[in-house]
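Protein chains: 2
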Amino acid sequence: MFIGELSRRTGVSPRGLRYYEEQGLLQPERRASGYREFADSDVATVRRIRVLLTAGLNTELIREMLPCVADEGAILAPTCEEMTEDLRRERERLGRSIEQLRAAHAMLDSIIHVGESATARSGCDA
Amino acid sequence: MFIGELSRRTGVSPRGLRYYEEQGLLQPERRASGYREFADSDVATVRRIRVLLTAGLNTELIREMLPCVADEGAILAPTCEEMTEDLRRERERLGRSIEQLRAAHAMLDSIIHVGESATARSGCDA
DNA sequence: CTAAAGCTTGACGTTGACGTGAGAGTCAAA
DNA sequence: TTTGACTCTCACGTCAACGTCAAGCTTTAG
């Protein structure tokens, strides 16, 4: 498929997909015309990329680990010492990050709940 | 206290603290000399700011909700309709974000575990 | 009183993941 | 073959949360 279809099927803009290729996260075929030709499997790949990017990993790390991830968390290739060092660090960072998010989520929860019980009886001008 | 001490006690750089003030997150007193004078309570405030920033909230939203948060998730002021709208949205975004992080965390876990069992028997050159 | 250490306000630089045209070539249906 | 939608490669713009000088005042220990 061309870039437009992959874009529609993943929700990632064409510019974003070209950026992913530039960063080595995607390696589409090329027609004689220069048009990129993506495989069906790239839809899943892009989804995985999105998950990891949203988690705060950068494209360099994703490029390294991407060959090791398949659908649904299954694994393909064995990993290397040096790389798992980075991964381990990232995992720890992620763990802390999740904790922070949970704390912030709890903060929002309390505030919102108080707001609900408070707006019933107090006028507000902000 | 002056900005340097607050910096040491929070781990946030002076530049960061000035930025927080510029964004309306802190309102230190000023000496005649122009020196900022922070209150002890600002240490806790900065910690709360860090939690929320790490959670991905921007300074604008934090400025709005900060008056409503006290120590340990306790609440001070009542909230406003319009604001809780934003907060609700942010809470939902946070919820999704946490899910993404968990997914990414699981990915890293699988990869790392395979790496551990695999590196024992396979040479690696990356 | 002095000198080091600390603080002030600008103001420009950085980073990552894209957004946003510009100008030109390509595809596919009619 | 036309035409309109799609794609290509530059290449500069963006945004948030600071980093990093620079030039000049302030504080405070000795």
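Taken in sequence, the protein lines are chains B and U.
Residue numbers for the first sequence follow the UniProt record's numbering, beginning at 1 and rising by one.
Residue numbers for the second sequence follow the UniProt record's numbering, beginning at 1 and rising by one.
The C-beta atom is built at its ideal place from N, Cα and C for all residues, glycine as well.
Because the structure is a prediction, the values reported are computed rather than measured.
Out of U/Leu108, U/Thr59, U/Arg31, state which residue places its alpha-carbon closest to the alpha-carbon of U/Tyr19. Of the candidates U/Leu108, U/Thr59, U/Arg31, U/Thr59 places its Cα closest to the Cα of U/Tyr19.
At what residue ranges does the UniProt domain "HTH merR-type" (1-68) of chain B contain a whole run of the alpha helix (DSSP H), taking only runs of 4 or more? 3-10, 14-22, 41-54, 59-65, all fully within the UniProt domain "HTH merR-type" (1-68) of chain B.
Taking Cβ positions, are U/Thr10 and U/Val46 nearer each other than 9 Å? Yes. Within cutoff.
State buried or exposed for B/Phe2, treating a residue as buried only when at least 16 other CB atoms are found within 10 Å of its CB. So B/Phe2 counts as exposed.
Length of the line joining the Cα atoms of B/Glu29 and B/Ala39: 8 Å
At 8 Å on the CB atoms, spell out the chain U contacts of B/Asp109, in chain order. Arg91
Proximity to B/Glu92 [Cα-Cα], best of U/His105, U/Arg93, U/Glu85, U/Gln100: Comparing Cα positions, the closest option is U/His105.
Give a yes or no on whether the minimum CB-CB distance between U/Thr54 and chain B is below 9 Å. The beta-carbon of U/Thr54 is placed less than 9 Å from the nearest beta-carbon of chain B.
Check the Cβ-Cβ distances between U/Val12 and every residue of chain B, and say whether any is below 9 Å. Not closer than 9 Å to any Cβ of chain B, the Cβ of U/Val12 fails to qualify, so no.
Please go through the same chain and pick out, in chain order, the residues whose beta-carbon is closer than 6 Å to the beta-carbon of B/Leu101, but skip the five residues on each side of it. none
Give the straight-line distance between the Cα atoms of U/Ser97 and U/Gly34, rounded to the nearest whole angstrom. 41 Å
Exposed or buried, what is B/Arg15 when buried is set at 16 or more other beta-carbons lying within 10 Å of its beta-carbon? exposed
Can B/Leu26 and B/Ala55 be called in contact, C-beta distance under 9 Å? no
Exposed or buried, U/Glu85, counting other C-beta atoms within 10 Å across all chains shown (16 or more means buried)? exposed
Give the straight-line distance between the Cα atoms of U/Glu90 and B/Ala32, rounded to the nearest whole angstrom. 46 Å
Does chain U have any CB closer than 9 Å to the CB of B/Ser41? So, not an interface residue.
Nearest-angstrom Cα separation, counted from U/Arg36 out to B/Arg48: 47 Å
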